[in-house]
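Top to bottom, those sequences are chains A and B. Going by our numbering, 190 is the number at position 21 of the first sequence; the sequence numbering is gapless. Going by our numbering, 162 is the number at position 161 of the second sequence; the sequence numbering is gapless. Input: a single structure, listed below in structure tokens.
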Amino acid sequence: MLGSFAVLRKQSLLGDAISHAALPGIAVAFLITGAKDSNTLLLGALISGLLGAFWIRSIITKTHLKSDTALGLILSLFFGVGMLLLTFIQKQPNANQAGLDKYLFGQAATLLERDVWFMAIVTGVCLVTLLLFWKEFKLLLFDADYTKTLGFNIKFLDILITSFIVVAIILGLQTVGVVLMSAMLLAPAAAARQWTNSLAIMVGLAATFGAFSGIIGTGISASYPNLSTGPVIVLVASVFVLVSFVFSPSRGLLFKEIRFRKNRNDLKLHKTLSFMYDIAKTHDDIGHPHAIKILNNFHGYTKKSLHKLEEENLIILKGGNWSLTEEGFFKAKNLYNQHIDAND
Amino acid sequence: MTSAQIEIQLIASLVAVACAIPGVFLVLRKMALISDAISHAILPGIVVGFFITHDLSSPLLIILAAFTGILTVFLVEFIQKTGLVKEDTAIGLIFPALFSIGVILIAQNANDVHLDIDAVLLGELAFAPFDRLELFGMDVGPKSLWVIGTILMITLSLLIAFFKELKVSTFDVGLASALGFSPVLLHYGLMTVASITTVGAFDAVGAILVVALTIAPAATAYLLTKDLKKMLFLSVVIGVFSAISGYWLAHVLDASIAGSIASVLGVVFLIVFLFAPSTGMISVAYKQQRQKIEVLLLTFLLHLKNHTEHKERHVNHLGEHINWKRSQAKSVLELALKNNMIVIDSQVVSLTEKGNVFTENAINYITDHSEEAIEEMKKEFFLFRG
Chain A
170 MLGSFAVLRK
180 QSLLGDAISH
190 AALPGIAVAF
200 LITGAKDSNT
210 LLLGALISGL
220 LGAFWIRSII
230 TKTHLKSDTA
240 LGLILSLFFG
250 VGMLLLTFIQ
260 KQPNANQAGL
270 DKYLFGQAAT
280 LLERDVWFMA
290 IVTGVCLVTL
300 LLFWKEFKLL
310 LFDADYTKTL
320 GFNIKFLDIL
330 ITSFIVVAII
340 LGLQTVGVVL
350 MSAMLLAPAA
360 AARQWTNSLA
370 IMVGLAATFG
380 AFSGIIGTGI
390 SASYPNLSTG
400 PVIVLVASVF
410 VLVSFVFSPS
420 RGLLFKEIRF
430 RKNRNDLKLH
440 KTLSFMYDIA
450 KTHDDIGHPH
460 AIKILNNFHG
470 YTKKSLHKLE
480 EENLIILKGG
490 NWSLTEEGFF
500 KAKNLYNQHI
510 DAND
Chain B
2 MTSAQIEIQL
12 IASLVAVACA
22 IPGVFLVLRK
32 MALISDAISH
42 AILPGIVVGF
52 FITHDLSSPL
62 LIILAAFTGI
72 LTVFLVEFIQ
82 KTGLVKEDTA
92 IGLIFPALFS
102 IGVILIAQNA
112 NDVHLDIDAV
122 LLGELAFAPF
132 DRLELFGMDV
142 GPKSLWVIGT
152 ILMITLSLLI
162 AFFKELKVST
172 FDVGLASALG
182 FSPVLLHYGL
192 MTVASITTVG
202 AFDAVGAILV
212 VALTIAPAAT
222 AYLLTKDLKK
232 MLFLSVVIGV
242 FSAISGYWLA
252 HVLDASIAGS
262 IASVLGVVFL
272 IVFLFAPSTG
282 MISVAYKQQR
292 QKIEVLLLTF
302 LLHLKNHTEH
312 KERHVNHLGE
322 HINWKRSQAK
332 SVLELALKNN
342 MIVIDSQVVS
352 LTEKGNVFTE
362 NAINYITDHS
372 EEAIEEMKKE
382 FFLFRG
């Protein structure tokens, strides 16, 4: 759901960066408390995730480095620090440390009931805030300058959104793991984007897609042995994206291709027709027959297109000859004035 | 230092150089995240290669992995070209999907062999010297040293051969195609190099360090210079420096080498980010502050020029009229005095001859909308800057 905002804000890969950036937080939280309590670890992850997110923001705004560089930078550097700390922890004489890295690769199966409740509550809070600030978020998303002139506190809104994305990511980490988290954030939103131009519908759709890929993915992974949940969920989500890309009515590749072909054929027909018109107008009799041979590919001529023209009653085919009908003549005559219409 | 230590440092440095060179171009072309995507997406390639050869060190593995890398780039390009989503979204969609396939393949078929995600992703530099290459029965050094060395040689020779083309196509795609270079070809060439480097390097140092070594030195260098050659040189230096000092940090802490190299890279970047002479946070903040005072000064001078009556030009009046804070007003007045723009005569401020000329010029420039010219003018008139 929050992914919709990330996608529209061109911060798609934020998810990837934040999920990596959470690692040092987990390690530090463990170093400080020495216990593997999931709440403190989450808190640590949250703090370092936020730190990463805001550092990314400041790199983008304060220097000429682009967002991709900033993201990649923070991602790899934070993760490196995290690894350093993790290996450092492993050398410590503390039996508790095993399995810390499991956090990062995610295991939905290890979730406790308590964790699920916790997630549900956080999701609820996100939802309520989203609804509360819906108008503001929408504005900020599409026209930040306008939002500013209206007197909204852009910085606050921005921080709010970013924080929510970070919270969502950190929570999701436990389920699907670092690498796949970015897909969970992105894929439903990207799929939803193809079906609608309205933000509200897009957010709703994204949530639905996300939920479904979660359910289906878990189902598939449970019914086969040796199939980890996270990757399956991601693959299911990717399938959603693929289907959306191809079959979405207005933006989908399939319909685009169909429209493209249709337009091209229409144009070819018009080309043929206007060529016929040029010949026919030199004769007194519009219906004077001409040989088909004088048409060639260059004039957009194919057998199919001729038949199409005949079907539309624009020409009459007789033997090896064609002749324009009254209707065809007028249509061709007006063709040049109607080129705009011809394109739809 | 033992020979193993020297070898590790040598490998790390070579990896750093090999990554830094394509890294510079990736950062400049705003495709830095491709390296991240490639490093994750090659997993299925490696897995499939492993199934075919059952040998983790076979060259087929590297070839297949590099191929998957290029496939990733191709898919990303394809999705992006459809115009359905932005490039970053395309990257974010492709690589997790490929990675998932890799993970599932491993889980399904290779449970009993030593090929697990941690090993693939994290890598361990410390073991690199133990995996030795033997030629004609002779020990010629660690295998990864040779792999990386070869890749580096190829990258370097390609860089020298196509430097001009790369430069043009990076900064001006239109010009490059007009001159008859194929930007597409160069693009895929660069991606192939990046992909091969990633694959070759990550065998030795792990995926994350590859990403860190690709992006961080280039980004740091970009903050320091805008000259391509200097940037290349600087990023190589930063990469090698971090590799070697990272190794020693790891040695002291007894922790992961890759992690500590990345940490050193992070520290270097942070320092540059804060203190770089022209682009660092501190110098930017300083410059903004200066700009602010100078704008205030200009406003103040215009105000003086507009008013002849004493009341409007009284020192105490500034607070009421232009609504400045006391400290702000004071620093503006001081700056103006230092630059001989104004004189204060019994609490009444008046423009000097120089101040008058400056203000007049400034008005002209402002009404011309040629705001850049004001910077030039400031250089001419100001003895001291704000």
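Ideal Cβ positions, reconstructed from N, Cα and C, are used throughout, including at glycine. Since this is a predicted model, take the numbers as computed values, not measurements.
{"Item": "Over the uninterrupted beta strand (DSSP E) stretch that includes A/Lys128, give me the two end residues.", "Value": "Limits of chain A in this structure are 170 at one end and 513 at the other, which puts residue 128 of chain A out of reach."}
{"Item": "Does B/Ile9 come within less than 8 Å of chain A when only Cβ atoms are used?", "Value": "no"}
{"Item": "Are the Cβ atoms of B/Leu266 and B/Leu153 separated by less than 8 Å?", "Value": "no"}
{"Item": "Let me check one thing: in DSSP terms, what residues is A/Asn490 bridge-paired to?", "Value": "A/Ala460 and A/Lys487"}
{"Item": "Can you list, in chain order, the residues of its chain whose CB lies under 8 Å from that of B/Leu187, leaving out five sequence neighbours each side?", "Value": "Phe163, Glu166, Leu167, Ser170 and Ala177"}
{"Item": "Any C-beta of chain A sitting closer than 8 Å to the C-beta of B/Pro97?", "Value": "yes"}
{"Item": "If you count every other CB in all the chains shown that lies within 10 Å of the CB of B/Phe100, and 16 or more means buried, which is it?", "Value": "buried"}
{"Item": "Below 6 Å CB to CB, which residues in the same chain sit around A/Leu436 once its five sequence neighbours on both sides are set aside?", "Value": "none"}
{"Item": "In the DSSP assignment, find the beta strand (DSSP E) that holds B/Asp346 and state where it starts and stops.", "Value": "Ile343 to Asp346"}
{"Item": "Which residues of chain B have a Cβ atom closer than 8 Å to the Cβ of A/Ile228, listed in chain order?", "Value": "Phe274"}
{"Item": "Within 10 angstroms of its Cβ, does A/Phe378 collect 16 or more other Cβ (buried), or is it exposed?", "Value": "buried"}
{"Item": "Helix or strand or just coil, what does DSSP make of B/Arg18?", "Value": "First, the amino acid is wrong: residue 18 of chain B is Val here, not Arg. Looking at B/Val18 - three-state DSSP - the assignment turns out to be helix."}
{"Item": "Can you list, in chain order, the stretches of the beta strand (DSSP E) that have 3 or more residues and sit fully within the segment 136 to 223 of chain B?", "Value": "139 to 143"}
{"Item": "Can you tell me the Cα-Cα spacing of B/Ile22 and B/Ile294, whole angstroms?", "Value": "42 Å"}
{"Item": "Can you tell me whether A/Ser367 is helix, strand or coil according to DSSP?", "Value": "coil"}
{"Item": "Can you tell me whether B/Leu352 is helix, strand or coil according to DSSP?", "Value": "strand"}
{"Item": "Leaving out five residues before and five after A/Thr387 in sequence, what residues of the same chain have Cβ atoms less than 8 Å from its Cβ?", "Value": "Ala277, Thr398, Val401 and Ile402"}
{"Item": "Determine, for B/Met342, whether the minimum Cβ-Cβ distance to residues of chain A falls below 8 Å.", "Value": "no"}
{"Item": "Straight-line CA distance for A/Val412 to A/Ala359?", "Value": "11 Å"}
{"Item": "From B/Phe26 to B/Ala91, what does the alpha carbon distance come to, in whole angstroms?", "Value": "20 Å"}
{"Item": "Since B/Val269 contacts B/Ser243 with CB under 8 Å, what's their CB separation in whole angstroms?", "Value": "6 Å"}
{"Item": "Considering only C-alpha positions, which residue in the set B/Leu302, B/Phe182, B/Leu229 and B/Met192 is nearest to B/Glu361?", "Value": "B/Leu302"}
{"Item": "So is A/Trp364 buried or exposed if we call it buried at 16+ other beta carbons inside 10 Å?", "Value": "buried"}
{"Item": "Is the segment 192 to 200 of chain B touching the segment 36 to 47 of chain B in the sense that three or more CB pairs, one from each, lie closer than 8 Å?", "Value": "yes"}
{"Item": "Over what stretch of residues does the alpha helix (DSSP H) that includes B/Asp228 continue unbroken?", "Value": "Neither: B/Asp228 is in no alpha helix (DSSP H) and is coded neither H nor E."}
{"Item": "In chain B, which residues lie with their C-beta within 7 Å of the C-beta of A/Pro357?", "Value": "Result: empty, since nearest Cβ-Cβ is about 11 Å, beyond 7 Å."}
{"Item": "Cβ closer than 7 Å: which chain A residues qualify as neighbours of B/Ala220?", "Value": "Leu234, Thr238 and Leu242"}
{"Item": "Since B/Ala256 contacts A/Leu234 with CB under 8 Å, what's their CB separation in whole angstroms?", "Value": "Contact doesn't hold; Cβ gap of about 29 Å is too wide."}
{"Item": "Would DSSP call B/His308 helix, strand or coil?", "Value": "coil"}
{"Item": "At the 8 Å Cβ level, is A/Ser367 part of the contact set with chain B, yes or no?", "Value": "no"}
{"Item": "Within the chosen definition, does the segment 277 to 288 of chain B reach the segment 310 to 319 of chain B through at least 3 CB pairs nearer than 8 Å?", "Value": "no"}
{"Item": "Anything in the segment 33 to 51 of chain B with a Cβ closer than 8 Å to a Cβ of chain A? List those residues in chain order, please.", "Value": "Ala33, Leu34, Ser36, Asp37 and His41"}
{"Item": "Would you list the residues sitting across from B/His318 in a DSSP beta bridge?", "Value": "Bridge partners of B/His318: none, in fact."}
{"Item": "Residues of chain A with a CB under 9 Å from the CB of B/Met282: which are they?", "Value": "Ser227, Lys231 and Thr232"}
{"Item": "Taking a Cβ distance cut-off of 7 Å, strictly less, list which residues of the segment 403 to 416 of chain A are near chain B, in chain order.", "Value": "Val403, Leu404, Ser407, Val410 and Phe414"}
{"Item": "Mind listing the chain B neighbours of A/Ala222? Cutoff is C-beta to C-beta under 8 Å, in chain order.", "Value": "Within 8 Å Cβ-Cβ: nothing; A/Ala222 doesn't reach chain B, min ~15 Å."}
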